[in-house]
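Novice: Taken in order, these protein sequences are the chains called A and B.
Each step along the first sequence adds one to the number in our numbering, with nothing skipped, and position 335 is 335.
Each step along the second sequence adds one to the number in our numbering, with nothing skipped, and position 354 is 1354.
Could you have a look at this structure, given as structure tokens, before my questions?
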Amino acid sequence: MSTDSLRAYVDRLAAHGDLVQIDDPVSWNLEASALTMRLNEADGPIPLFRNADGAQLLGDPYRGSQCRPWDRIATGLGLSRELSRREYYEAVIDRLRNPVDPVTVDREDAPCKSVVETEEPDLLELPWPFIHAGDGGRYSNLHTMVAPDPDSEWVDWSYHRAMIHDSQSASVLLLAGEQTPNLYYYKYERREEPMPVAIVVGAEPAVQATSVMWIPTGRSEARYAGGLKGGPIELVECETNDLLVPASAELVIEGRIVPGARRDEGPFGDYFGYMHGPRRSMPALQVDAITHRPRPIIPYCVEGSGVGRTENTTSSMEAACVGPDATLGLRAAGYEVECCGPWQSTPRTVYTISTPTKSSERLHELANFIYTTWGMLHVDFFVFVDEDVDPLDQRAVLDALARHADPSEDFHQFGRENMPKVPLNIYQTPSEKGNIQTGTSKAKTAKAYIDATRDRSHASPEADHRALSRADAREILREAGVAVGESDPTRSNLSSTGDQT
Amino acid sequence: MTAVRALIDRLVDSDEAVTVDKRLHWDGEVTAVAAEAARTGGPGIVFADTPGELGLASGTLAATNGFRSQSPSTWSRLCAALDLESSSYRALLSTIATAAEAEPDRAPIEATVSVEPDLYNLGLPTLEPGGRPTVTLGVIAGKVDSEVTWAPIRGDVQRYDHLRLSVPKAFATRCAPKAEVVVALGVPPGAYFAAIERWTLDRPDAAVLPRAAGLTDVSVGTHGSILVPAESESLLAGNITSQVTQPEGPAAAWEQLCETESIDVSISTITTRPEPIVPIAPLGTPLADDVAITGLIEAARLFRRVNNYWGVAPMQWIQLPAEAGLGFCIVSSEILYAGFDWQLANALFSFSDLFDKVLILDEAADPSDLPRAIDNMWVKAHPANDWVFSGPNAPAPTAPEYRTDGEPGSELYINATWDVSWDEEYIAPRVTYENSYPENIRERVEKRWRDLELEDL
Chain A
1 MSTDSLRAYV DRLAAHGDLV QIDDPVSWNL EASALTMRLN EADGPIPLFR NADGAQLLGD
61 PYRGSQCRPW DRIATGLGLS RELSRREYYE AVIDRLRNPV DPVTVDREDA PCKSVVETEE
121 PDLLELPWPF IHAGDGGRYS NLHTMVAPDP DSEWVDWSYH RAMIHDSQSA SVLLLAGEQT
181 PNLYYYKYER REEPMPVAIV VGAEPAVQAT SVMWIPTGRS EARYAGGLKG GPIELVECET
241 NDLLVPASAE LVIEGRIVPG ARRDEGPFGD YFGYMHGPRR SMPALQVDAI THRPRPIIPY
301 CVEGSGVGRT ENTTSSMEAA CVGPDATLGL RAAGYEVECC GPWQSTPRTV YTISTPTKSS
361 ERLHELANFI YTTWGMLHVD FFVFVDEDVD PLDQRAVLDA LARHADPSED FHQFGRENMP
421 KVPLNIYQTP SEKGNIQTGT SKAKTAKAYI DATRDRSHAS PEADHRALSR ADAREILREA
481 GVAVGESDPT RSNLSSTGDQ T
Chain B
1001 MTAVRALIDR LVDSDEAVTV DKRLHWDGEV TAVAAEAART GGPGIVFADT PGELGLASGT
1061 LAATNGFRSQ SPSTWSRLCA ALDLESSSYR ALLSTIATAA EAEPDRAPIE ATVSVEPDLY
1121 NLGLPTLEPG GRPTVTLGVI AGKVDSEVTW APIRGDVQRY DHLRLSVPKA FATRCAPKAE
1181 VVVALGVPPG AYFAAIERWT LDRPDAAVLP RAAGLTDVSV GTHGSILVPA ESESLLAGNI
1241 TSQVTQPEGP AAAWEQLCET ESIDVSISTI TTRPEPIVPI APLGTPLADD VAITGLIEAA
1301 RLFRRVNNYW GVAPMQWIQL PAEAGLGFCI VSSEILYAGF DWQLANALFS FSDLFDKVLI
1361 LDEAADPSDL PRAIDNMWVK AHPANDWVFS GPNAPAPTAP EYRTDGEPGS ELYINATWDV
1421 SWDEEYIAPR VTYENSYPEN IRERVEKRWR DLELEDL
């Protein structure tokens, strides 16, 4: 079954031999992050620093293994870590199709209320990590932000990093076009009202997974988290506002994002592997209360280290959470989609969609649908491939791009600078990025898609006439001691791109 | 050291090849396992128990999947094949691009055990059950203009004493009718490399033997009146009988580099070394040996040719990754001046027929890090400005599966280098361990690493 708290997840990691505990004191000032990055690069265990200024630090807890980025998140959700990519995606999709209502618990039953600070909450009493030497400050960057729509009952759970400024304030990266930022910029701030928020640090795995998904506006995120968990999420009321937060959390920061106020944010070593700049202004969080467990565990992500062959929490959650969610969302919207998955080496910038669709009109529609909805700001590229190509198999996707995408007719929307972009990119100049109020770049960019499906006239037939099935061949290789990679055994008789033997 | 059996022993000793002990039939089963190993970027495979006169191995000349981190070294098998101390891509590229010709040593041929001249008894693998046994990774030795040369082959068994082979058209047309030839299997890798390289030039060159000897210490011996690689595992001697239509099945990757023609060869004698072992390639499979070798040879040719084109040598390295099926070229180069990226890409398009997509990286790019190279394509190249398409009149490339009728189209290059006009402050530093943590922090981490006994990671 799913783990019902971050601590239970940590215990499960330990049981699998996936945890390294560091009992000696560690500094939040680069040291914890440095060891985490080393472990990320080495595909090593997850580090738990048990002695960090009265609290605990947990480095990149949802990082998956480099060949199976979904495996530890599967563990957190109570799924087998041995599932193939396809089995894992379908299992998550099944759970998302069956939401479970949350339940509300009393304060005294909520672990996150063990310590309650409402008089003089002090962010600086906690060991927020200073993650890279060039960062603008210390960050909370692996949490769930809870924010309500002022005009309905809907509450959004999302994932916006916060740079700590002093005891009671922080700046929050809000990029217009995403759900919570839109609530702030276009509702609360225009009405000159503060947006009540709660930053939930160290929530249980199902909550953290939900917060990175694009749950449609108006839907209860807590219900989807319950679906993922396979049981109700326990919620508890905040101390200083009306929001409900996951009771099992390690720590909750209650506060308001105030209208008209900005604080510096960044620079930061970001998800795509570069230190982006320049420093810019972002909305300011005013802290009203902090509640937490004793010696809370503060998880964090060493951003920028999930690029190339290395995984970190962000890159693994893209593959394990956003991918299945996007696949379900596109299917629900009526598109024929086998799988939508990220380019594993480049988090959040490019996605691949495998589809039986050959219609260029339908692919155009699909691309536009995505770019005008959840894929708008961070994603620059979509690659469409045939349904027998696994989007998470970069080799197969690159092969399809090289051998099936004709520069004459299969590359679309390149060169047209008329779409929005987050300023976190590195291909725009500082003046192109600008510093406009809503956190998008001043200059527009292109959002492109590539049709790397086979031409009708060159559709490769499935190779199902071998002496051995691919599964049998893989078993023979396993018996010989070969680690045969992660292709899906349920697809063992389907050919990969270009595989015609 | 360059004999194929020595290479296989070396790969087994270094865990870059494994032995499959299970009995597998040459009729489809061997190819199925070889294909799966190649597709997954696995190690070389030695098939310990197959029926027939020849032992079989696969993946001995392959590169591993550059996207997989577990690979010991993407290029180490190919480096071992050329007997290089280093396993770096730069060393491999430089060796092939710059090796001088040499006079090959003479030595007695090793394949002296006569076997029944029945090709079906050899145990050559079929691609699928009931198919024709196939010949890959070998050379045909014959005389062209009275000079012995070796050319690459791909083909299959037509009858017990007949092979049908695809060979470079230039070789076929310059051979005498009914010419005496020897098909050599299990040849030293240098011989195979040289045969492909010389016969796929714009102006094919029959001087393969000195090229092979220049690449590595290939020795030659006489079989009949033909010089063959002395350490070949098996020699099938006979005569060309006719020129016919193409062999069945997928083509080898080298066939994308030149025009080919088919010949039938009547085999009269077959000899082998004791316990012969012959590398085979599962044709049409991603990452198969023939793809890696062809990409390497074309890359070396471009490296030599383009890097001298402007009187300076701005290119650091160039690759045609087998992962992209040879339809994609990656080049790391200094950008000498604004617009040099355009010149570089178009020089590459002009000098190669294989691909119509070029990715240009900064000169600091690491050739062993394919994930990072492709990552730079996605995050450093501006999708509006740096994906540059040509007009629609470029010739159709040979590696892709579109426009196979030769219809012209566009070419694409992606400039993922920093804009030379940018101020230094615009250039975003990479997030690396070294950039992110000062030395004293790294020293503390290293101490913890030892204390936590993480050295084996």
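Backbone N, C-alpha and C fix where the C-beta goes; we use that ideal spot for every residue, glycine too.
Source: prediction; values computed, not measured.
#1: In this structure, how does DSSP classify residue 1 (chain A) when only helix, strand and coil are distinguished?
#2: Three or more C-beta pairs under 8 Å: does that hold for the segment 148-158 of chain A against the segment 265-282 of chain A?
#3: Grab me the residues of residue 1097 (chain B)'s own chain with a C-beta within less than 6 Å of its C-beta, minus the 5 sequence neighbours each way, in chain order.
#4: Helix, strand or coil: which one does DSSP assign to residue 1013 (chain B)?
#5: Of the choices A:166, A:251, A:136 and A:369, whose alpha-carbon is the least far from that of residue 124 (chain A)?
#6: One question on the structure: do residue 1153 (chain B) and residue 1182 (chain B) come within less than 8 Å of each other, judged by their Cβ atoms?
#7: Rounded to the nearest angstrom, what separates residue 1270 (chain B) and residue 396 (chain A) at their Cα positions?
#8: Does the beta carbon of residue 385 (chain A) come closer than 8 Å to any beta carbon on chain B?
#9: For the candidate residues B:1203, B:1105 and B:1130, whose alpha-carbon lies nearest to that of residue 1216 (chain B)?
#10: Is the CB of residue 343 (chain A) under 8 Å away from at least one CB in chain B?
#11: Given residue 1003 (chain B), which residues of its chain have a CB within under 7 Å of its CB, disregarding the five upstream and five downstream residues?
#12: Please state whether DSSP places residue 11 (chain A) in a helix, a strand or coil.
#13: Determine, using beta carbons only, whether residue 1247 (chain B) comes closer than 8 Å to chain A.
#14: Considering only C-alpha positions, which residue in the set B:1202, B:1241, B:1167 and B:1111 is nearest to residue 1161 (chain B)?
#15: What would DSSP say about residue 1156 (chain B), mapped onto helix, strand or coil?
#16: DSSP three-state call for residue 461 (chain A): helix, strand or coil?
#17: Locate the beta strand (DSSP E) running through residue 67 (chain A), then write down its first and last residues.
#18: Using a Cβ distance threshold of 8 Å, determine whether the segment 262-272 of chain A contacts the segment 338-348 of chain A, with at least three qualifying pairs required.
#19: Looking only at its own chain, which residues have a Cβ that is under 6 Å from the Cβ of residue 76 (chain A), when we skip the five neighbours before and after it?
#20: Give every residue of the same chain whose Cβ lies closer than 6 Å to the Cβ of residue 121 (chain A), excluding the five residues on either side of it in the sequence, and list them in chain order.
#21: How should residue 1100 (chain B) be labelled, buried or exposed, when 16 other C-beta atoms within 10 angstroms of its C-beta is the threshold for buried?
#22: For the beta strand (DSSP E) that contains residue 229 (chain A), what are its first and last residues?
#23: When DSSP builds the beta bridges, which residues end up paired with residue 1317 (chain B)?
#24: May I ask whether a heavy atom of the ligand GDP can be found less than 7 Å away from the beta carbon of residue 1395 (chain B)?
#25: Can you find the residues in the same chain that come closer than 7 Å, C-beta to C-beta, to residue 1390 (chain B), ignoring five residues on each side of it along the sequence?
#26: Residues of chain B with CB closer than 8 Å to the CB of residue 346 (chain A), please, in chain order.
#27: Helix, strand or coil, according to DSSP, for residue 1436 (chain B) in the structure here?
#28: By how many angstroms is the C-alpha of residue 303 (chain A) removed from the C-alpha of residue 54 (chain A)?
#29: Given that residue 41 (chain A) touches chain B, what residues does it touch there, using C-beta distances under 8 Å?
#30: Would you verify that the beta carbon of residue 138 (chain A) is, or is not, closer than 8 Å to some beta carbon of chain B?
#31: Take residue 1089 (chain B) as the anchor and find which of B:1335, B:1361 and B:1318 has the nearest alpha-carbon.
#32: Near residue 337 (chain A), what residues of its chain come up, given a Cβ to Cβ distance below 7 Å and the 5 sequence neighbours on each side ignored?
#33: Determine whether the beta carbon atoms of residue 1035 (chain B) and residue 1045 (chain B) lie at a separation below 8 Å.
#34: Using a Cβ-Cβ distance under 8 Å, would residue 1013 (chain B) count as near chain A?
#35: Kindly indicate if chain A contains any beta-carbon less than 8 Å away from that of residue 1020 (chain B).
#36: Which first and last residues belong to the alpha helix (DSSP H) in which residue 982 (chain B) is found?
Specialist: With the structure as the only source:
#1: By 1-based counting over the first sequence, the position of residue 1 (chain A) is 1. For residue 1 (chain A), the secondary structure class from DSSP, reduced to helix, strand or coil, is coil.
#2: Below 8 Å, too few C-beta pairs join the segment 148-158 of chain A and the segment 265-282 of chain A to call them touching: fewer than three.
#3: Along the second sequence, one-based indexing puts residue 1097 (chain B) at 97. 1300, 1303 and 1304, listed in sequence order.
#4: As a position in the second sequence, residue 1013 (chain B) is number 13, starting the count at 1. For residue 1013 (chain B), the secondary structure class from DSSP, reduced to helix, strand or coil, is helix.
#5: If you number the first sequence from 1, residue 124 (chain A) lands on position 124. Taking only the C-alpha atoms, the option nearest residue 124 (chain A) is A:166.
#6: Position 153 of the second sequence, counted from the start, is the residue given in the question as residue 1153 (chain B). Position 182 of the second sequence, counted from the start, is the residue given in the question as residue 1182 (chain B). Taking 8 Å as the Cβ cut-off, residue 1153 (chain B) and residue 1182 (chain B) do not qualify as a contacting pair.
#7: Taking the second sequence and counting its residues from 1, the one referred to as residue 1270 (chain B) is at position 270. Taking the first sequence and counting its residues from 1, the one referred to as residue 396 (chain A) is at position 396. Those two C-alpha atoms are separated by around 40 Å.
#8: As a first step, residue 385 (chain A) is located in the first sequence; it is residue number 385 there, counting from the start. Chain B, which has no Cβ nearer than 8 Å to the Cβ of residue 385 (chain A), makes this no.
#9: The residue labelled residue 1216 (chain B) in the question sits at position 216 within the second sequence. Comparing Cα positions, the closest option is B:1105.
#10: In the first sequence, the residue the question calls residue 343 (chain A) occupies position 343. It does; some Cβ of chain B falls within 8 Å.
#11: If you number the second sequence from 1, residue 1003 (chain B) lands on position 3. Excluding positions up to five away in sequence, the list reads 1188 and 1231.
#12: The count along the first sequence starts at 1 and reaches residue 11 (chain A) at position 11. Looking at residue 11 (chain A) - three-state DSSP - the assignment turns out to be helix.
#13: Walking along the second sequence from the start, residue 1247 (chain B) turns up at place 247. Residue 1247 (chain B) does not count as touching chain A.
#14: Here residue 1161 (chain B) is taken as the residue at index 161 of the second sequence, counted from 1. Of the candidates B:1202, B:1241, B:1167 and B:1111, the residue whose Cα lies closest to the Cα of residue 1161 (chain B) is B:1241.
#15: Within the second sequence, residue 1156 (chain B) is the residue found at index 156, counting from 1. DSSP places residue 1156 (chain B) in strand when its eight states are reduced to three.
#16: Along the first sequence, read from residue 1 onward, the residue named residue 461 (chain A) stands at position 461. In this prediction, residue 461 (chain A) has a pLDDT of 44, which is less than 50 and means its spatial position is unreliable; nothing more can be read from the coordinates.
#17: Numbered from its first residue, the first sequence carries residue 67 (chain A) at position 67. If you look at residue 67 (chain A), you'll find it isn't in any beta strand (DSSP E); DSSP assigns it neither H nor E.
#18: yes
#19: The count along the first sequence starts at 1 and reaches residue 76 (chain A) at position 76. Contacts found: 3, 9 and 205.
#20: Translated into the one-based positions of the first sequence, residue 121 (chain A) becomes position 121. Answer for residue 121 (chain A): 287, 289 and 290, listed in chain order.
#21: Here residue 1100 (chain B) refers to the residue found at position 100 of the second sequence. By the 10 Å Cβ count, residue 1100 (chain B) comes out exposed.
#22: Start at 1 with the first residue of the first sequence, and residue 229 (chain A) comes out as number 229. Run containing residue 229 (chain A): none in the beta strand (DSSP E); it sits in the alpha helix (DSSP H), 221-229.
#23: Mapped onto the second sequence, residue 1317 (chain B) falls at position 317. Residue 1317 (chain B) is bridged to B:1332.
#24: Of the ligands one can find in the structure shown there are none, so the ligand GDP has no counterpart to examine.
#25: Translated into the one-based positions of the second sequence, residue 1390 (chain B) becomes position 390. Excluding sequence neighbours, residue 1390 (chain B) sits near 1410 and 1411.
#26: The residue given as residue 346 (chain A) occupies position 346 in the first sequence. Residues of chain B passing the Cβ test: 1374, 1375, 1378 and 1379.
#27: Translated into the one-based positions of the second sequence, residue 1436 (chain B) becomes position 436. Correct three-state label for residue 1436 (chain B): helix.
#28: Walking along the first sequence from the start, residue 54 (chain A) turns up at place 54. Walking along the first sequence from the start, residue 303 (chain A) turns up at place 303. Roughly 24 Å separates the two Cα atoms.
#29: To locate residue 41 (chain A), count along the first sequence from 1; it is residue 41. Those within 8 Å of residue 41 (chain A) in chain B are 1433.
#30: To locate residue 138 (chain A), count along the first sequence from 1; it is residue 138. Not one chain B Cβ lies under 8 Å of residue 138 (chain A).
#31: Counted from its first residue, the second sequence places residue 1089 (chain B) at position 89. With distances taken between Cα atoms, residue 1089 (chain B) lies closest to B:1318.
#32: Counting from one through the first sequence, the residue named residue 337 (chain A) turns up at place 337. 327, 330, 331, 353 and 355, listed in sequence order.
#33: In the second sequence, the residue the question calls residue 1035 (chain B) occupies position 35. In the second sequence, the residue the question calls residue 1045 (chain B) occupies position 45. No, these two residues do not count as a Cβ contact at 8 Å.
#34: Translated into positions along the second sequence, residue 1013 (chain B) becomes position 13. So no, residue 1013 (chain B) is outside the interface.
#35: Working through the second sequence from its first residue, we reach residue 1020 (chain B) at position 20. Residue 1020 (chain B) counts as touching chain A.
#36: Since the first residue of chain B shown is 1001 and the last is 1457, residue 982 (chain B) is not available in this structure.
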